[in-house]
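Asks: I have a structure I would like to understand better, so I am pasting it below and will then ask my questions one at a time.
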Amino acid sequence: FYYKPRVDKELLEKHREGLIVLSGCLQGEIPSLIVQDELARARQAVDWFKQVFGAENFYLELQNHGLTNQSKVNRHLLQWSREFGLKCVATNDVHYLKKEHSRAHDILICIGTQTTINDPKRLTYAEGQFYLRSADEMKALFAEVPEAVLNTLEVAEKCNLQIEFGKQHYPAFTPPRPVPCEIYLRELLIEGLYNRYTLRVALDGKEFKVVGIENPERLPKLHEGISVSEPACKTVVSDPVAARAVHAIMQRLQYELDVIERTGFVSYFLIVADFVRYGRDNGVDCEARGSAAGSLVTYLLGISSVDPLRYGLLFERFLNPERVNPPDIDIDFADDRRQLVIDYVRRKYRPECVAQIITFGTLGAKSVIRDVARAMGMAYSEGDHLAKLVPNEPNMTLSKAIDASPELRELRAKDDKVASLLDTALVLEDLTRNASVHAAGVVIGSEPLVELVPLKTDEDGAILTQYAMGPVGDLGLLKMDFLGLKTLTVIRNTCEMVEKFRGHKVPIKNLPLDDKETYDLLNRGHTVGVFQLESGGMRDLCKRFQINSIEHITALVALYRPGPMKFINNFIERRHGRAPINYEHPLLEPITRETYGVIVYQEQVMQAAQVLAGYTLGQADILRKAMGKKNVEVMQRHRSIFVQGCQKIHNLTEEKANHIYDLLVEFGEYGFNKSHAAAYAIVAYQTAYLKAHYPVEFYSALMTNDMGDTDKLTMLISEARSENLDVLPPNVNESDAYFTPTPDGKNIRFGLAAIKGVGEAAVKAIINAREKGGPFKSLEDMCERMEESPLNRKVLEALIRSGACDVFGETRAGMFNRIESALSRAASVIADRKSGQDTLLGIFETSSAGRQTTGPKVPEWPLHKILADEKELLGYYVSGHPLAPYAQLLKTYCLTNSETAKTIPSGEVIRTGGLITTAQTAFSKKTKRPYLIATLEDLNGAMSLLLMNSAFEQYKDLVQVNNALLVIGEVNNSEDKPKIFPQEIMFLDDAPKRFTKQVHIRLESSSLNREQLLALRELVEKHPGRVPLFLCIRTLSNQ
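For the sequence shown, our numbering gives the first residue as 432, with consecutive numbering after it.
Structure (structure tokens):
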């Protein structure tokens, strides 16, 4: 359909009930036939629409945008309205709201069609005509046919659609046996009480009755923020601490159940628990994230792995009994098996009742500046400079940025072009830029969704809602987030490898939370691959903070974000006793003690309002939400409520109460959801534990997970080697499909599936043949044993060039030259074997495995060819590294590498170096001027270089493949890979001349003699330099 929805007449006639049809604009069937003077066909079309829809539902559409041919079309339509007994209706195409938005609309079309306003052939609309005209304007425009304007109102009144909000359309959950859902939910919770705490609980009607406990040590140590309102019962548990924990569990459980049943969400929890259980039973690891981790019910149902009583989490943050909104359980699934669970949900609740949710990308403050600048024909650097003046803060808008940036305001005042750009950008900001499938959103209805919500199909044929996540929930549909998380795949694969290669299971769900090796790893900053803690900034933060508990990880996850980052230094100083810990009121101490008096979490804001001002936690959640969204009206109303509560309950002065409220507002703006942070902290701890105790298996799983990302894989290999773990090249006799530990458990073997050009079928065939007949003895032996899936030339080339066949003891060049003969011979042997015959050669040989076939000795390829092949096929160098001779120069003269560059703010100037691995010249579509894009690779990863204008002219000959260069330039981190705009480039070999300030020669006096000193003097005099030379001699007394 050429990306435009179309309906043929047959389908239109079939679904004509309830439709009102207008004859359309100039592009419609009837007007376009009139324009082409096909009047007879146009009349036939008018008659067809009248016969199908009736005169009462078919209108002839009159428009007047000042366009050529519109008056001609209107003249015929008016004539035919009388002839056919049809009414005319006056309309105006509306492409923008206000007349003055015409230019902004023109720019928007340029953005969408990737053209500029300087292109005379671009798509344009008549200026100032396609806006929403007022009733008076329409009357004036169609003064000669006033009835056409009145008919517009008639059509509007005929259109009647009532969208019902608030009514639930959740699917009904059917228990596996005939019991009410409320009872079945309780049965699952009883099962959960035993699994989590070894509590034995019976059901008396709907009431729980604790009858025993097997292991009191499994009870949680209650967080000090958890209150137990009634005396603990000692009839089952004699120990008072354990009895208090049991009572807290049962009290919290009953409270949550009461709220869930009162709000009508029993089925919701059963639906989620059902597909989570299905996932776990079928090897799909999953974890709840977000506020759902604050619920004991979700913990007992196995939806969440976070004990809310242990970590002091609030149920009201998840499901507020005083302002009932549908619960929102976001669940992370192992990304490689997530679809299994979605498919299960489709089968269980019928495919027509399940769909994924659409999402709309919008023009943000920075992107709208860049897009408008591009459409106006401005240079990239101009738009990029203006975009960088927009502060990097949450919820930043263009109007806020203009207020916050003096330079932006000054440019707007002085430069008409900038003013025009910003004025246009202000109109276009937040408009939809594109539509796509929501990464996680799935909706489930009680009936076919086509009856409840508009649907569409995406490019892959998947059914999507046309409403985004918010409106879908407003319509009462059950919306779920099925999020794919690679980390869960890594954890599962690591545990599976540990069991396979070490013979024992990792109790990943019941790890000791005080493991010294785990905290030592975190505090050394060795957190590459550790969930949420692997960025450069987080690594530094772990070292500075010195973590010793899950609570510490939770706090760092919450703090390391834009906004609350400003509290980090003070937080660390308080943690180490270098700054005083102050509490604004004694009642705030138990709430904020674990965060050293700093309010880090939204839940702390809620608890403060509860204990100081008498709020219920439900009311406090409403206050918390207003603070997070900066709802000034609600916050102002609550200020007086808070202050009065503080005065009434604790006799605080108005000044003191207002001061505390102001603090809550400040922290509440940045406060993080503690339940979410705790859920992520546990996953972070699990990955750190695996890395500390099973590094080979953990790195193998990480590399397998990222084997499609060359830059990430290179970084992981470099990191593994820094921890004395070598990554051995692929080997057809030892490699599995993916990265695996070597038999001695000390290193990692590259996987065959990670070799580019070696497909899944070939890998499976190689491994099956090896397991069936033992190690391959030669290239020919391997080819002849591939009966299931014979190898082709492309696969064999990749295996040889990558080094996977080096095990045969021949040069890669020699084996490469024998590919054709090996494949030809293998085809003959396999064919004879299948036909029941044998080759003549086979008569004299016991098996092909005993054959050693070699051709004439061929010299090995040059090292640069071998390295280039390895880089192409494996993503990294095995036999060496082109930069190895430059390692010391890189270390000495480059202040930044590809990994640390990611942590540097965009716009900063850095000095780095590496090898040019790709370089391509292109021409700008706008300016027609050349520019150069290159990849600069170092020992840690890769960066992009973009040379434009003067930089291109000055350095284009220097930036060539295989040149080792030092680069000084401005870094941009808006994309996955750091991008550098070079200001100066030189050969890396020239760096010592350019940057060396002093030369120090260190000598040991014990090994010196007169001849050596004279020789050194002669060398220095022969090669005088431009910098000071210092001779440092260490004496026998170590001076």
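Note that the Cβ used here is the ideal one computed from N, Cα and C, for glycine as well.
What you are looking at is a predicted structure, and each value in this text was computed from that prediction instead of being measured.
Do you know whose CA, among Cys717, Tyr1324, Asn1440, Val1260, lies nearest Gln770's CA?
Replies: Out of Cys717, Tyr1324, Asn1440, Val1260, Cys717 has the C-alpha closest to the C-alpha of Gln770.
Asks: Per DSSP, what kind of secondary structure is Ala899 in: helix, strand or coil?
Replies: Coil, per DSSP.
Asks: Less than 6 Å between C-beta atoms, sequence neighbours within five positions excluded: which residues of the same chain meet that for Ser1279?
Replies: Summary for Ser1279: the model assigns pLDDT 46, below 50, so the residue's position carries little reliability; its value from the coordinates is reported in the next sentence. Contacts found: Asp1212, Glu1215.
Asks: Just confirm the distance between the C-beta atoms of Phe749 and Ser726, as a whole number of angstroms; I'd bet it's less than 8 Å.
Replies: Sure, about 5 Å apart at Cβ, within 8 Å.
Asks: For Lys819, I'd like the list of residues in its chain whose CB is within less than 6 Å of its CB, leaving aside the five on either flank, ordered along the chain.
Replies: Hits under 6 Å: Gly1338.
Asks: Would Tyr780 and Pro602 qualify as a contact pair, given that the criterion is a beta-carbon distance under 9 Å?
Replies: The answer is yes: Cβ separation under 9 Å.
Asks: Counting only the same chain and skipping the five closest in sequence on each side, list residues whose C-beta sits under 8 Å from that of Asp417.
Replies: The displayed coordinates of the chain run from 432 to 1470. Any statement about residue 417 would go beyond what the structure contains.
Asks: Using the three-state DSSP reduction, which class does Ser1278 fall into: helix, strand or coil?
Replies: Here the model assigns Ser1278 a pLDDT of 47, short of 50, so the residue's position is not dependable, and the following value carries that caveat. Correct three-state label for Ser1278: coil.
Asks: On a CA-only basis, which of Thr1145, Leu624, Ile1186 is nearest Met681? Give me that one, please.
Replies: Minimum Cα distance to Met681 is reached at Leu624.
Asks: Tell me whether the beta-carbon of Pro651 lies closer than 9 Å to the beta-carbon of Tyr686.
Replies: Not in contact: Pro651 and Tyr686 (Cβ atoms no closer than 9 Å).
Asks: Just to confirm my understanding: we take Glu613, look at its own chain, exclude 5 residues before and 5 after, and list those with CB closer than 7 Å. What are they?
Replies: Around Glu613: Lys637, Glu692, Val697.
Asks: What three-state label does DSSP hand Ile691 in the structure shown?
Replies: It is helical.
Asks: CA-CA distance, Arg474 and Ile461?
Replies: Straight-line Cα distance between these residues: approximately 8 Å.
Asks: For Val690, collect the residues of the same chain with a Cβ closer than 7 Å to its Cβ; drop the 5 residues on either side in sequence, then sort them by chain order.
Replies: Excluding positions up to five away in sequence, the list reads Leu750, Pro752.
Asks: Counting only the same chain and skipping the five closest in sequence on each side, list residues whose C-beta sits under 8 Å from that of Ile1148.
Replies: Answer for Ile1148: Met1134, Val1158, Tyr1307, listed in chain order.
Asks: Would a C-beta distance cut-off of 9 Å place Ile760 and Gly721 closer than the cut-off?
Replies: Cβ atoms of Ile760 and Gly721: closer than 9 Å.
Asks: Compare the Cα-Cα distances from Phe573 to each of Ser533, Ile1364, Thr547, Asn523 and report the closest residue.
Replies: Nearest C-alpha to Phe573: Asn523.
Asks: Is Gln593 near the ligand SAH, going by C-beta to nearest heavy atom under 8 Å?
Replies: Questions concerning the ligand SAH fall outside what the structure shown contains, since it holds no ligand whatsoever.
Asks: Leaving out five residues on either side along the sequence, give the residues of the same chain with a beta carbon under 6 Å from the beta carbon of Ile1274.
Replies: Reliability fails at Ile1274, whose pLDDT of 47 lies under 50, so the model's placement of it is uncertain and no value is given.
Asks: Excluding the five sequence neighbours on either side, which residues of its own chain have a C-beta within less than 8 Å of the C-beta of Leu701, listed in chain order?
Replies: Closer than 8 Å at Cβ, skipping near neighbours: Phe604, Pro606, Cys612, Tyr615, Leu616, Leu619.
Asks: Helix, strand or coil: which one does DSSP assign to Phe1207?
Replies: Residue state, collapsed to three classes: coil.
Asks: As an exercise, report each continuous beta strand (DSSP E) stretch of at least 3 residues that is fully enclosed by the region 709–750, in chain order.
Replies: The qualifying runs are 717–720.
Asks: Can you tell me the Cα-Cα spacing of Arg1457 and Phe1426, whole angstroms?
Replies: For Arg1457 and Phe1426, the distance between alpha carbons rounds to 11 Å.
Asks: Would you grab the beta carbon distance between Pro758 and Met928 for me? Rounded to a whole angstrom, and I think it's under 8 Å.
Replies: Contact flag wrong, Cβ pair sits at about 37 Å.
Asks: For Leu450 versus Asn488, is the C-beta spacing smaller than 9 Å?
Replies: Yes, Cβ-Cβ distance for Leu450 and Asn488 is below 9 Å.
Asks: Can you tell me whether Cys519 is helix, strand or coil according to DSSP?
Replies: Residue state, collapsed to three classes: strand.
Asks: Can you give the beta carbon distance from Val799 to Leu859, rounded, assuming they're within the 8 Å contact cut?
Replies: Right, the Cβ-Cβ distance comes to about 5 Å (below 8 Å), so this counts as a contact.
Asks: Per the contact definition of three or more C-beta pairs closer than 8 Å, is the region 475–487 in contact with the region 545–557?
Replies: The answer is no - the region 475–487 does not touch the region 545–557, with fewer than three Cβ pairs under 8 Å.
Asks: Counting along the chain, where does the alpha helix (DSSP H) carrying Arg864 start and finish?
Replies: Not the alpha helix (DSSP H): Arg864 falls in the beta strand (DSSP E), residues 863–875.
Asks: Is Ser1166 buried or exposed, if buried means 16 or more other CB atoms sit within 10 Å of its CB?
Replies: Label assigned to Ser1166: buried.
Asks: State the start and end residues of the unbroken beta strand (DSSP E) segment that holds Ile1335.
Replies: Unbroken run through Ile1335: none, as it is neither H nor E.
Asks: Bridge partners of Lys887, per DSSP?
Replies: Answer by DSSP bridge pairing, in chain order: Leu895.
Asks: Identify whether Tyr615 lies in helix, strand or coil by the three-state DSSP scheme.
Replies: Residue state, collapsed to three classes: helix.
Asks: In the DSSP assignment, the beta strand (DSSP E) including Met1246 goes from what residue to what residue?
Replies: Run containing Met1246: none in the beta strand (DSSP E); it sits in the alpha helix (DSSP H), 1243–1248.
Asks: Classify Tyr1014 as buried or exposed, calling it buried when 16 or more other Cβ atoms lie within 10 Å of its own Cβ.
Replies: Exposed, because fewer than 16 other Cβ atoms sit within 10 Å of the Cβ of Tyr1014.
Asks: Using CA atoms only, rank isn't needed, just tell me which of Tyr1116, Leu817, Val873, Leu862 is closest to Leu853.
Replies: Ranking the options by Cα distance to Leu853, first place goes to Leu817.
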